[in-house]
Amino acid sequence: MSRNSNNTKDDTHTIAVLVENKFGVLAKVASLFSARGYNIDSLCVGVTQDPSVSRITLVTRGDAKVLEQIRKHLSKLIDTFKVMDMGETDSVEREMILIKISAPKASRSEIFQIIDVFRGRVVDVSTDTITVEVTGDEGKIHAILNLLQPFGIKEIARTGKVALTRGAKTLKGSKN
């Protein structure tokens, strides 16, 4: 995230932000990161159960000091209602990936077995490819990619991470 590219996986943070659902808010959030030289590794945005509020879930990297700066800057944006580091709470995190795999008939049985083990879902089959949908945590996504790599991955489309706190706790809140 910071200008130093030696960040480790331990420096990865999932941040959830509730913002006003209006034009330009996402651009302000992205500009905040860009202006400070921070990277957004993944980004997922969607409207909440309240149509006037959007939830931004982003993954970024940095040490505790950098993370605190990001949280403070995000909280200061006028359109921000709430900011939460999902790593500070017990949470459920998931990603979804579509994987198009080279799949000649001789390999299909083995590919289908791998897909089944990962509880993937075949969403398209052609004469020479299979497209599968897999949902899970980052480890599961990496694992299936590694197992399918030898068959020839033609293309992938991957969502950003989404996360919710476990139990009754929610991210709801009024302006910070």
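Following our numbering, the numbering of the sequence shown begins with 1230 at its first residue and continues without gaps.
For each residue, glycine too, the CB sits at the ideal point set by N, CA and C.
Quick caveat: nothing in here was measured; it's all calculated off a predicted structure.
Is it buried or exposed, residue i, if we count other Cβ atoms within 10 angstroms and call 16 or more buried?
i	result
Gly-1396	exposed
Leu-1350	In the sequence under discussion, the amino acid at residue 1350 is Arg, which differs from the Leu named in the question. Label assigned to Arg-1350: exposed.
Gly-1275	exposed
Arg-1334	The amino acid occupying residue 1334 in the given sequence is Lys; Arg does not appear at that position. Exposed, because fewer than 16 other Cβ atoms sit within 10 Å of the Cβ of Lys-1334.
Leu-1247	buried
Lys-1390	buried
Thr-1399	exposed
Ala-1256	exposed
Val-1346	exposed
Thr-1356	exposed
Val-1363	buried
Val-1361	buried
Going by DSSP, what residues sit across from residue i in a beta bridge?
i	result
Lys-1329	Thr-1360 and Glu-1384
Thr-1394	Ser-1320
Ala-1245	Thr-1286 and Met-1313
Check the C-beta distance from residue i over to residue j and give it rounded, since I have them as a contact under 8 Å.
i	j	result
Gln-1370	Ile-1330	First, the residue type needs correcting, since residue 1370 is Ile and not Gln in the sequence shown. Contact doesn't hold; Cβ gap of about 14 Å is too wide.
Met-1406	Ala-1245	Residue 1406 cannot be examined here, being either before or after the span of the chain that is shown, 1230 to 1405.
Leu-1303	Val-1258	7 Å
Leu-1287	Leu-1272	5 Å
Arg-1290	Asp-1366	Incorrect: roughly 18 Å between the Cβ atoms, too far for contact.
When you compare each of the options to residue i by their alpha carbons, which one comes out closest?
i	options	result
Ser-1338	Ile-1328, Glu-1362, Phe-1380 and Leu-1306	Phe-1380
Ile-1328	Arg-1265, Lys-1301, Ile-1373 and Ala-1259	Ile-1373
Asp-1292	Arg-1300, Ile-1285 and Thr-1286	Arg-1300
Ala-1392	Val-1321, Ser-1263 and Val-1288	Val-1321
Lys-1401	Ala-1264, Gly-1253, Ile-1285 and His-1242	Ile-1285
Ile-1359	Ser-1336, Asp-1319 and Arg-1290	Ser-1336
Gln-1298	Tyr-1267, Thr-1364 and Thr-1277	Tyr-1267
Thr-1388	Ala-1332, Gln-1378 and Arg-1323	Arg-1323
Lys-1305	Gly-1368, Glu-1362, Val-1254 and Thr-1318	Val-1254
Thr-1243	Gly-1368, Leu-1376, Ile-1269 and Arg-1348	Ile-1269
With a threshold of 7 Å (Cβ to nearest heavy atom), would residue i be considered close to the ligand SAH?
i	result
Leu-1272	Absence of the ligand SAH from the depicted structure is noted, as is the absence of any ligand whatsoever, leaving it without description.
> Looking at C-beta atoms only, is the number of pairs between the stretch 1338-1349 and the stretch 1303-1318 that lie closer than 8 Å three or more?
Replying inline: Between the stretch 1338-1349 and the stretch 1303-1318 there are fewer than three inter-stretch CB-CB distances shorter than 8 Å, so the stretches are not counted as touching.
> Given 8 Å as the limit, is there contact between the stretch 1247-1266 and the stretch 1275-1284, that is, 3 or more CB pairs closer than that?
Replying inline: Put simply, the stretch 1247-1266 touches the stretch 1275-1284. At least three CB pairs are less than 8 Å apart.
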